[in-house]
Amino acid sequence: MRLLSSKTGVRIGLVLIVAASIVWSIVGYADDTTDPIDYRCEFEGDCGLENGLSSPSDLAWDAEIDQWLVAKSNDQLWFPGKKTQEASIASKIGVTRPSVVLKQDAVAPRPKKVQKKDKNRWPRSVSIGKPNRGWLAYPVRLETSDRLTSRRHKNFGTQEMVQAIIDAVDAVHAEHPNTPILPVGNLSREHGGRFPPHKSHQSGRDADIGYYLSEGHSPTRLKLARTRTLDVPRTWTFIESLVADKKVEYIFSDRRLMRLLYRYALNVKKIPKERLHTIFQAPGGRPKIMRHLKGHADHLHVRFYAPDSVAAVTQFIAKHGNQALKPLPVYKRIKKGDSLWRLAKRHRVTVKKLRRWNRLRKDSNLRIGKKLIVGHKRPKIRLK
Ligand SMILES: [Zn+2]
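Under the numbering used here, the first residue of the sequence shown carries the number 37, and numbering increases by one thereafter.
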């Protein structure tokens with residue numbers, strides 16, 4: 037009886053393994069094939085009329101979008117979809133509105149380079165830990181210039197990230213005259229660390245960057261980009277510069293805007309589909325650089341690779357040991373009238389944490405004059 041049941045068990049096990057491998061092969065196969073189909077429907081406007089996935093009006097809209105993108109790339113004006121009042125007036129009097137007059141560039145574009153530092157010499161940016169639990173030493177500040185605005189005290193990052201942003205902005209200016217100032221949102225704080233409400237933005241490798249807009253552009257505010265107001269050519273040039281040379285791990289954007297950027301890259305800039313499929317993620321497809329995430333219609337969230345700054349930590353540990361990165365305790369002397377509860381409140385920690393850090397039992401009394409650990413601070417990274 038026992039033998040039989042163990043045999044049955046083995047059989048069931050085998051059946052399960054076979055079934056799992058069949059499922060795996062089907063899923064794997066599907067995964068290999070779904071991507072191009074998704075691209076066709078999501079970005080290339082071909083969802084298959086016979087399947088009822090798109091209507092003739094969708095196709096007309098797509099055709100109009102393409103015309104619009106071409107017009108935009110020539111800095112002409114095009115009014116897609118429903119005619120605005122402005123458009124109908126313009127067509128009546130037979131003129132196209134001149135493109136919006138934007139802040140003129142400085143006469144000679146100033147080369148703006150972060151000072152290149154010798155890779156093997158300190159100090160250089162040190163990105164420590166994970167972007168959602170880390171910090172930053174030797175940060176570089178992204179300065180406000182006549183091409184971009186950044187936020188005070190919130191504009192620090194690794195040298196690689198700051199340079200990549202400046203290079204991308206310069207690329208836009210090189211290709212498109214009269215480019216407006218780009219609003220840049222939060223990067224990291226000066227020494228990294230927690231930065232609410234963001235979960236990441238802690239280790240100098242994340243940046244919130246506004247879109248270039250053709251209408252209602254603001255040099256300081258991250259404004260909602262709509263399909264009608266997104267400055268597709270400039271935004272694409274910006275993204276193209278970022279994704280070159282594997283500088284960027286991913287970019288969160290909005291699918292409606294991604295569709296426009298994809299079509300512009302494909303139809304106007306004639307970028308091969310194979311290349312675009314390494315940049316744009318189709319819905320449900322495998323992760324690519326540009327991904328849709330809710331809440332990213334007013335900014336791009338860009339996660340940068342920072343190989344030099346990340347490697348700097350390994351080098352630092354090799355030189356100074358792991359201990360050098362451990363948080364340092366902050367001590368406070370107990371005064372008359374202090375209680376754990378009061379101390380906890382004053383230093384914004386919990387009573388439980390105070391007890392743990394100081395190895396206090398529930399019945400232990402506080403002695404006036406004794407030192408207590410009330411928090412921790414980052415160690416100074418000394419490089420000599
Ligand atoms: Zn962000």
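Glycine residues also receive a C-beta, built at the ideal position from the N, C-alpha and C atoms.
Here Q238 really is in contact with G170; their C-beta atoms are around 5 angstroms apart, less than 8 angstroms. Exposed is the label assigned to W377, since fewer than 16 other Cβ atoms lie within 10 Å of its Cβ.
Per DSSP, reduced to three states, the secondary structure at D344 is helical.
Taken atom to atom, the span from the alpha-carbon of A280 to that of R327 is near 17 angstroms.
Close CB contacts of S277 within its chain, under the 7 angstroms cut and outside five residues either way in sequence, are with D203, A204, A207 (chain order).
DSSP lists no bridge partner for L278. For F231 and I404, the gap between their C-alpha atoms comes out near 35 angstroms. Taking every protein chain shown into account, the CB of Q359 has fewer than 16 other CB atoms within 10 angstroms, so this residue is exposed. Relative to ligand 1, the beta carbon of H328 is positioned no closer than 7 angstroms to any heavy atom.
Separation of A301 and Q317 (C-alpha to C-alpha, rounded to the nearest whole angstrom) is 14 angstroms.
Cβ neighbours of H212 within its own chain (closer than 6 angstroms, five residues either side excluded): R270. Nearest neighbour of K355 by Cα position, chosen from L260, K388, I417, R76, turns out to be I417.
Here P308 is not near E226, since their CB atoms are 8 angstroms or more apart. For the options D399, S375, N401, P343, the alpha carbon positioned closest to that of V162 is the one of P343. The closest CA to that of Y298, considering only L312, R160, Y286, is found on L312.
Straight across, the Cα-Cα distance linking I164 with L105 is about 42 angstroms. Per the DSSP secondary-structure output, H209 pairs with nothing in a beta bridge. When V338, K283, H412 are compared, the shortest CA-CA separation from I245 is found for V338. Taking 8 angstroms as the cut-off, the beta carbon of L402 is found closer than this to the beta carbon of I370. Secondary structure of D203 (DSSP, three-state): helix.
When secondary structure is reduced to three states using DSSP, K309 falls in the helix class. Taking each of K388, V385, S375, H412 in turn and checking the Cα distance to K406, the smallest one comes out for S375.
Under the three-state reduction of DSSP output, L390 falls in the helix class. E196 and K381 have their C-alpha atoms spaced approximately 40 angstroms apart.
By the C-beta density criterion, A210 is exposed, having fewer than 16 other C-beta atoms within 10 angstroms. Taking 8 angstroms as the cut-off, the Cβ atoms of Y367 and L396 do not count as close.
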